[in-house]
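Residue numbers (this note's numbering): 15 to 41.
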């Protein structure tokens with residue numbers, strides 16, 4: 015695993031997970 019993850023990478027992952035979760039919840 016990577017020891018360091020830039021904030022941009024974390025934000026991207028969070029945004030993707032959030033969008034997927036919202037899309038799943040609204041179905």
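Every residue gets a Cβ at the ideal spot worked out from N, C-alpha and C, and that includes glycine.
The alpha helix (DSSP H) that contains residue i, what's its start and end?
i: residue 33; result: 21-40
Rounded to a whole number of angstroms, what is the C-alpha to C-alpha distance between residue i and residue j?
i: residue 39; j: residue 31; result: 12 Å
i: residue 18; j: residue 29; result: 19 Å
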